[in-house]
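Participant: Quick one: structure below, then a few questions.
Protein chains: 2
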Amino acid sequence: MSAQTLVNSLADSARVASRTLSIATGAERKAALQTIADAIESRSTEILAANEKDMEAGRTSGLNSSLLDRLLLTPERITAIAGGARQVSELPDPLGNTLRKSTLSNGIQLEQISVPFGVIGMVYEARPNVTVDAAVILLMSGNAALLRGSSSAVHSNEVLVQVMRDALASTTISADVIQLVPSDDRETVKALLNARGKVDLVIPRGSAALIRMVVDESTVPTIETGAGVCHVYIDEFADLSKALPIIINSKVQRPSVCNAAETILLHSAVANDFGPVALKALHEAGVVLHCDDASLAIAKSVGIPASLATAENFCTEYGTLEINVAIVESVDAASAHIAKFGTQHTEAIISENDHNVKRFIALADCAAVMVNTSTRFTDGEQMGFGAEIGISNQKLHARGPMGLEAMTTTTWIVTGNGQIRS
Amino acid sequence: MSAQTLVNSLADSARVASRTLSIATGAERKAALQTIADAIESRSTEILAANEKDMEAGRTSGLNSSLLDRLLLTPERITAIAGGARQVSELPDPLGNTLRKSTLSNGIQLEQISVPFGVIGMVYEARPNVTVDAAVILLMSGNAALLRGSSSAVHSNEVLVQVMRDALASTTISADVIQLVPSDDRETVKALLNARGKVDLVIPRGSAALIRMVVDESTVPTIETGAGVCHVYIDEFADLSKALPIIINSKVQRPSVCNAAETILLHSAVANDFGPVALKALHEAGVVLHCDDASLAIAKSVGIPASLATAENFCTEYGTLEINVAIVESVDAASAHIAKFGTQHTEAIISENDHNVKRFIALADCAAVMVNTSTRFTDGEQMGFGAEIGISNQKLHARGPMGLEAMTTTTWIVTGNGQIRS
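Protein chains in written order, with UniProt numbering: chain A, 1 to 422; chain B, 1 to 422.
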């Protein structure tokens, strides 16, 4: 069977099964998630045994310790996975909500309500917890899930999906709403991306190479989750006592993630006084500095090591303790720098001046603008969504952290009493 | 210059110009639209002269009368185009609206607001009025417009764009927010679809072949506007006095458009009594009937000509006075037929039974569900949007008629007082 035939057939059975989700009540979906959470905990021995097979294969094939850690399941991590499913089950039902409502002059009632997409494909990498996290978010939002994880996690994913499907057997929801797409063949990813008309949406989570393949090859609509080259702009009207901790937090607290800062833009009016303080603090926190001419002069004047930043530096998502620094003359100049080098993820302004804050917001063109706070807050859990299926780095449909609501679409319910169009 | 280089350069200047739109107030955008409307009227002689060149070329190249009519501008049509621009200028500002707002426990204020996409490409066919309609909707929603019309309308489009750009010269908004993409080279469409990172969104309006090319080739996000195979289901609990006019209106009032009905599904409980009445009325309205076995027997029993419907018939968007008829045993059977053959555009149920209506809605999976009313109401103007840039036939971002709001995306404004993430 070709990968396309296989994926089409999984999608077809997911589609049929998704109808049991369309007619399930919110209470039934909630109960299904709780049943899944219970099953994951009660079958943890089985899950851990499968995970050990993946770990062993990973060690044999020489996966590095960071990847092995991402692959690892422990009793604590299993408890956390089940807890996550219970947490999602407690969130407000994202389906059937009225988004707009009106009565037309001809008496027709218009109502726009939230409804599921239908069948959603996820393509993701090593961590097996994503298998459950994604499945429960999709199930709670009324969607069937086609899960294409990493081959390195195949045993863990197989058991986790089996446990979830078995749990659904005792509910009104068909087990076929959760399907594992085989990961032994790279072609299954392409097949998922080309199952147009059978899969409503594909969400890739992973490397830039994966995202690029999705963009180039997909005929199915996708939501890109992407890179973050985030900036912190220190305005001339910044409260500098806020600026320093925000700079350090944005860069240092977890440099490997997409909402970490990669570039500091200092207004020239604060550069001479605050520049040395900021550069020194970054250096002392172990951050390697890449500076434009003006900030390089400041670094040199206080004896802090720094190299001259190139255009490539300004485009780079380091993911490590490295940062770019540039001096700018205005909010507009900061915004122009961001427009040139940013990735429309998260941009921060530190300023006490309302006019400058508003102008920065108007010109920012990104998923989240941080005003006097850390870039690290662009995060579904931090923003109170309760769960996050990824951070959208595109403008279509959903922008920024995506929770349950982002996994719904809408339909118009147009109710008449026999009206016809003249 | 290659088509890609050309389109990239237009997109770059549109991007720079779009910043004048980002910082323009709603009042400034509104005034710009009114200035454009005035200019279109005051320069109508010039516009009509350019249109006559297109008409002449069209006649020479043997365009059929329907295409020539679509291409034609008249003083009345120019007045209508200007009136449309004024109407859009009067609509509520779609930008800067607060969609969600909350305060987190750490004191951070979250606000999700509507913002422009930035640069939007439109690919469309013959009618030159779309050049203005699209430009003003995009401008009012804060977006720069890259307009790629048909080569058959090139003279009309060139003058219309020039008139709009000249009008903007007296405003705070840069003329470069409206750009005509040359239509003399088919490659400019592909270039637009591949201007990833330079164009935020492309909306194709036109033939199935154009839509398919967009789906296959685009690396830029797109919103598909597509085909409508719409159904009218007559439930066993239908008020048959409503059913007949709705069936006739859905099929006959304007058969060429995407929200016209292509298939009638009759519940078996009403088939014997109402079937003959409905088939006779359709036949008398000049509609050619394609019937399944059961409805064919009904047609024969009352001497109405009909052919046996094939699966291909049930998939066809006729665009003409032809219709399919099938008898079904339940709401679920009607929904299954729709799931198999529909295009997720508009589906109607005629029923006085709440349970059946709700189940039909839950299983419909389409942009608009009509309850006891005509499929022809899936239309931005009819639904009170005031303007429509197209009807989305996809689930991502916007579904159904798209007005100003659909041309916006969102950003999160996260306002703190120095908070950092622990």
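In this text, a Cβ means the ideal position worked out from N, Cα and C, and glycines have one as well.
1. Any chance you could list the alpha helix (DSSP H) runs of at least 4 consecutive residues sitting entirely within the segment 11-67 of chain A, in chain order?
2. Going by DSSP in three states, Glu322 (chain A) sits in which element: helix, strand or coil?
3. Look at the Cβ atom of Val7 (chain B), then the Cβ atom of Ala191 (chain B), and state whether they are nearer than 8 Å.
4. With residue 427 (chain A) as the anchor, note down where its alpha helix (DSSP H) starts and where it stops.
5. Is the Cβ-Cβ distance between Gly121 (chain A) and Val202 (chain A) less than 8 Å?
6. Quick one: list the residues of chain A neighbouring Pro397 (chain B), beta-carbon separation under 7 Å, in chain order.
7. Going along the chain, which residues of its own chain have a beta-carbon closer than 7 Å to the beta-carbon of Asp166 (chain B), five neighbours each way excluded?
8. Considering only C-alpha positions, which residue in the set A:Pro276, A:Ala339, A:Ile413, A:Pro245 is nearest to Gly118 (chain B)?
9. Just the chain B side, please: which residues come within less than 8 Å of Gly118 (chain A) by C-beta, in chain order?
10. Please tell me whether Val215 (chain A) has its Cβ less than 8 Å away from any Cβ of chain B.
11. Can you pull the DSSP bridge partners for Leu201 (chain A)?
12. Can you list the beta strand (DSSP E) stretches of 3 or more residues lying completely in the segment 298-345 of chain A, in chain order?
13. If you draw a straight line from the alpha carbon of residue 432 (chain B) to that of Ala269 (chain B), how long is it in whole angstroms?
14. Can you tell me where the beta strand (DSSP E) holding Thr415 (chain A) begins and where it ends?
15. So who's on the other strand from residue 424 (chain A), going by DSSP bridges?
16. Could you please tell me which residues of the segment 376-391 of chain B, in chain order, have their CB closer than 9 Å to any CB of chain A?
17. Just checking my contact of Tyr318 (chain B) with Glu284 (chain B) at CB under 8 Å: how many whole Å lie between their CB atoms?
18. Based on DSSP bridge pairs, tell me the residues matched to residue 487 (chain B).
19. Between which two residues does the alpha helix (DSSP H) harbouring Leu138 (chain B) extend?
20. Between which residues of its own chain and Leu160 (chain A) is the CB-CB distance below 7 Å, once the five residues before and five after are set aside?
21. Quick check on Asp379 (chain A): buried or exposed, where buried means 16 or more other Cβ atoms within 10 Å of its Cβ?
22. Quick one: Cα of Thr98 (chain A) to Cα of Ile78 (chain B), how far?
23. Would Gly286 (chain B) be called buried (16 or more neighbouring beta carbons within 10 Å of its own) or exposed?
24. What would DSSP say about Leu244 (chain A), mapped onto helix, strand or coil?
25. Please classify Ile389 (chain A): does DSSP put it in a helix, a strand, or coil?
26. Does the distance from the C-beta atom of Ser256 (chain B) to that of Gly275 (chain B) stay below 8 Å?
27. What residues match up with Glu347 (chain A) in a beta bridge as DSSP calls it?
28. So which residues of chain A does Ala285 (chain B) contact, with C-beta pairs closer than 9 Å?
29. Give every residue of the same chain whose Cβ lies closer than 8 Å to the Cβ of Pro116 (chain A), excluding the five residues on either side of it in the sequence, and list them in chain order.
30. Could you check the C-alpha separation between Ser65 (chain A) and Val163 (chain A) for me, to the nearest Å?
31. Kindly list the residues whose CB is nearer than 7 Å to the CB of Gly400 (chain A), restricted to its own chain and excluding five residues on each side of it in sequence; keep chain order.
32. In terms of DSSP beta bridges, what is Val115 (chain B) paired with?
33. Please tell me whether Ala208 (chain A) and Ala227 (chain A) are closer than 8 Å, where the distance is taken between their beta carbons.
34. Does any C-beta atom of chain A lie closer than 8 Å to the C-beta of Thr98 (chain B)?
35. So is His355 (chain B) buried or exposed if we call it buried at 16+ other beta carbons inside 10 Å?
36. Can you give me the C-alpha to C-alpha distance between Ile389 (chain A) and Asn272 (chain B), rounded to a whole angstrom?
Facilitator: On the basis of the data shown:
1. 26-42, 44-60
2. strand
3. yes
4. An answer regarding residue 427 (chain A) cannot be provided, because it is not within the stretch 1 to 422 covered by chain A.
5. yes
6. A quick correction: the sequence has His, not Pro, at residue 397 (chain B). Ordered by position in chain A, the residues that pass the 7 Å Cβ test against His397 (chain B) are Leu396, His397.
7. Ala39
8. A:Ala339
9. For Gly118 (chain A), the C-beta contacts it makes with chain B under 8 Å involve Asp365, Lys395, in order along the chain.
10. yes
11. A:Ile120
12. 322-328
13. As shown, chain B starts at 1 and ends at 422. That puts residue 432 (chain B) outside it, with no answer to give.
14. Element bounds for Thr415 (chain A): 408-415.
15. In the structure as shown, chain A starts at 1 and stops at 422, and residue 424 (chain A) therefore has no counterpart that could be examined.
16. Arg376, Phe377, Thr378, Asp379, Gln382, Met383, Gly384
17. Incorrect: roughly 18 Å between the Cβ atoms, too far for contact.
18. The displayed coordinates of chain B run from 1 to 422. Any statement about residue 487 (chain B) would go beyond what the structure contains.
19. 129-140
20. Ile47, Pro128, Thr131, Val132
21. buried
22. 39 Å
23. exposed
24. helix
25. coil
26. no
27. A:His231, A:Val369
28. Correct list: empty, because the minimum Cβ distance to chain A is about 13 Å.
29. Ser18, Leu21, Ser22, Leu95, Ser141, Gly142, Asn143, Met407, Thr408, Thr409
30. Going by the C-alpha atoms only, they are around 28 Å apart.
31. Residues Ala367, Ala368, Thr378, Ile391, Ser392 of the same chain have their beta carbon placed closer than 7 Å to that of Gly400 (chain A), with the five preceding and five following residues left out of the count.
32. According to DSSP, which records beta bridges pairwise, Val115 (chain B) is partnered with B:Thr409.
33. yes
34. no
35. exposed
36. 51 Å
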